[in-house]
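Contents: one structure, followed by commentary.
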Amino acid sequence: MSLQQRKIKVIISGGGTGGHIFPAVAIANELKRVNAENEILFVGAEGRMEMEKVPAAGYRIIGLKIAGIQRKFDLKNFLLPFKVFASVMKSRSIIHNFKPDVAVGVGGYASGPLLYAATMLKIPSLIQEQNSFAGITNKILSKRAKKICVAYEGMEKYFSKDKIVMTGNPVRQDVIQIEGKKKEALEYFKLDGNKKTLLVIGGSLGARSINRAVLNGLARFGEKNIQVIWQTGKGFFATANDAVKKFETSGIHAHEFINRMDLAFSCADIVISRAGASSVSELQLVAKPCILVPSPNVAEDHQTKNAMALVNKQAALLVKDSEAEQLLAETAIVLIGDPEKQKKLSQNISQLALKDSAAKIVEEIYRII
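Sequential numbering from 36 applies to the sequence shown in this note's numbering.
Below, the structure is given as structure tokens:
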């Protein structure tokens with residue numbers, strides 16, 4: 036039996052958003068593919084979406100009572116040191132009981148206490164940093180980590196160069212398998228194959244600025260014969276669904292959530308998206324011309340830094356969140372009418388794609404054990 040087939044026990048910690056959870060599950064799936072007997076335990080934050088999404092993917096998870104720092108003054112911040120201490124102690128107990136060979140942190144509240152406890156107990160650890168800007172937790176943990184798997188160039192300004200491995204971000208494999216699906220996609224979304232199609236994805240919860248911009252642009256999209264697949268998120272769906280009724284014959288449809296993103300990508304000519312790490316990685320792999328609208332409501336404005344890594348290589352367009360309502364719809368109309376620009380963006384973004392990221396990370400996991 037080769038080293039790569041040896042049975043191992045792995046704790047994966049982190050979560051909070053789909054951008055952390057999807058890569059974590061992709062790593063777990065690859066560990067199981069390498070050896071079906073590998074044991075995997077997730078550790079997340081109580082009340083966060085990983086407590087639902089991870090069991091749905093078939094894995095066991097234990098929750099910690101941990102939260103992040105509130106950026107505005109909040110009395111909850113005074114409780115944070117106690118929560119951190121309690122979470123580190125619970126993490127030590129989890130590690131003693133599970134006896135992992137390695138601990139993997141993917142970012143999010145829970146990764147801090149778990150990886151800190153693991154390194155205190157001499158368990159080797161690996162960090163998967165998804166963004167082009169490292170968060171404070173990963174910067175602190177990196178001093179004790181054996182390896183740091185990254186998706187962007189220039190990360191040596193945050194981490195020790197000898198620990199960095201360029202792997203890219205693991206993505207949902209079903210989402211990026213789009214070859215030969217356009218006919219099925221047109222039928223699924225009730226679209227006309229002779230018209231141009233715009234896909235709008237503001238994240239699973241939606242994005243207010245993007246939604247308002249699309250709402251303002253509906254009449255213009257209709258005039259220009261542009262079809263729209265619009266994922267609104269739960270909060271904006273009723274408003275959007277009411278607004279698109281008069282445009283449904285034009286192929287403009289609102290969706291609270293899109294379950295078949297592979298079909299949405301396969302028939303989209305251009306994409307409007309937030310610039311979360313997972314979203315950017317998926318767009319690179321499907322090689323779609325895109326307009327990125329970075330969320331301003333994230334730590335250290337990291338989505339803008341993610342987007343600029345593409346914009347600087349002429350691989351995407353950027354519209355600021357604060358300017359989206361005024362500029363986004365018209366920017367999309369201009370791009371969808373410019374096949375040469377689309378081709379250039381598609382070629383450039385595809386060159387930035389890093390494939391087989393989960394497999395590369397699993398190789399590093401085996402190496403550090």
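Just so you know, even glycine gets a beta-carbon here, dropped at the ideal spot from N, CA and C.
Quick caveat: nothing in here was measured; it's all calculated off a predicted structure.
Could you check the C-alpha separation between residue i and residue j for me, to the nearest Å?
i, j, result
"LYS14", "LYS178", "A question about residue 14 goes unanswered here, because the residues of the chain that appear run from 36 up to 404."
"ALA152", "SER126", "6 Å"
"ASN246", "GLN40", "47 Å"
"GLN382", "GLY142", "30 Å"
"ILE384", "MET190", "20 Å"
"VAL333", "ALA242", "13 Å"
"LEU226", "GLY270", "25 Å"
"THR154", "LYS181", "10 Å"
Can you tell me the Cβ-Cβ gap for residue i and residue j, rounded? I've got them flagged as a contact below 8 Å.
i, j, result
"ILE101", "PRO135", "At roughly 19 Å, the Cβ-Cβ gap does not stay under 8 Å, so ILE101 and PRO135 are not in contact."
"SER316", "VAL206", "5 Å"
"ALA350", "PRO329", "Incorrect: roughly 15 Å between the Cβ atoms, too far for contact."
"TRP265", "VAL235", "5 Å"
"VAL137", "PRO159", "5 Å"
"ALA393", "GLU65", "4 Å"
Around the Cβ of residue i, are there at least 16 other Cβ atoms within 10 angstroms (buried) or fewer (exposed)?
i, result
"GLU164", "buried"
"ASN294", "exposed"
"MET124", "exposed"
"THR202", "buried"
"ALA59", "buried"
"ASP405", "With the chain covering only 36 through 404, there is no way to say anything about residue 405."
Pick out whichever of the options has its Cα sitting closest to the Cα of residue i.
i, options, result
"GLU214", "PRO374, ILE46, LEU226 and LEU320", "LEU320"
"SER301", "ILE129, ALA322, ALA344 and GLY170", "ALA322"
"ILE199", "ASN347, ALA169 and LEU226", "ALA169"
"GLY98", "PHE272, ALA289 and ILE47", "ILE47"
"THR339", "VAL354, GLY203 and LYS348", "VAL354"
"GLU219", "VAL141, ALA186, ALA303 and HIS290", "ALA303"
"MET84", "ASN166, SER128, TYR144 and GLU65", "TYR144"
"ILE56", "ALA394, THR366, VAL45 and ALA80", "ALA80"
"LYS280", "GLY257, ARG243 and LYS390", "GLY257"
"THR172", "GLU335, GLU358 and ILE400", "GLU335"
"TYR223", "THR267, HIS288, LYS379 and ILE404", "HIS288"
"ASN347", "PRO331, ASN73, ILE130 and LEU380", "LEU380"
"ALA61", "ASP391, GLU291, ARG402 and GLU283", "ASP391"
"HIS131", "LYS67, LYS44 and THR52", "LYS44"
Closer than 7 Å by C-beta to residue i: which residues in its own chain qualify, once you throw out the five before and the five after it? Chain order, please.
i, result
"TYR94", "ALA63, ILE75 and PHE77"
"GLN212", "ASP297"
"ARG255", "ALA364 and ILE368"
"ALA312", "GLY54, GLN165, ASN166, ALA186, ASN204 and ASN341"
"LEU370", "ILE305, PRO324, ILE326, LEU352, LYS376 and GLN377"
Tell me which residues share the same chain as residue i and place their Cβ nearer than 8 Å to its Cβ, disregarding the 5 neighbours each side in the sequence.
i, result
"MET36", "In this prediction, MET36 scores a pLDDT of 43, lower than 50, which makes its location untrustworthy; no coordinate-derived value is stated."
"LYS413", "Look at the range of the chain in this structure, 36 to 404, and you will see that residue 413 is not part of it."
Note down, in chain order, each residue of its chain lying with its Cβ closer than 6 Å to the Cβ of residue i, except the 5 sequence neighbours on either side.
i, result
"PHE194", "SER177 and ILE183"
"GLY140", "SER48, GLY49, SER146, LEU150 and ILE162"
"PHE133", "LEU76"
"SER314", "SER308"
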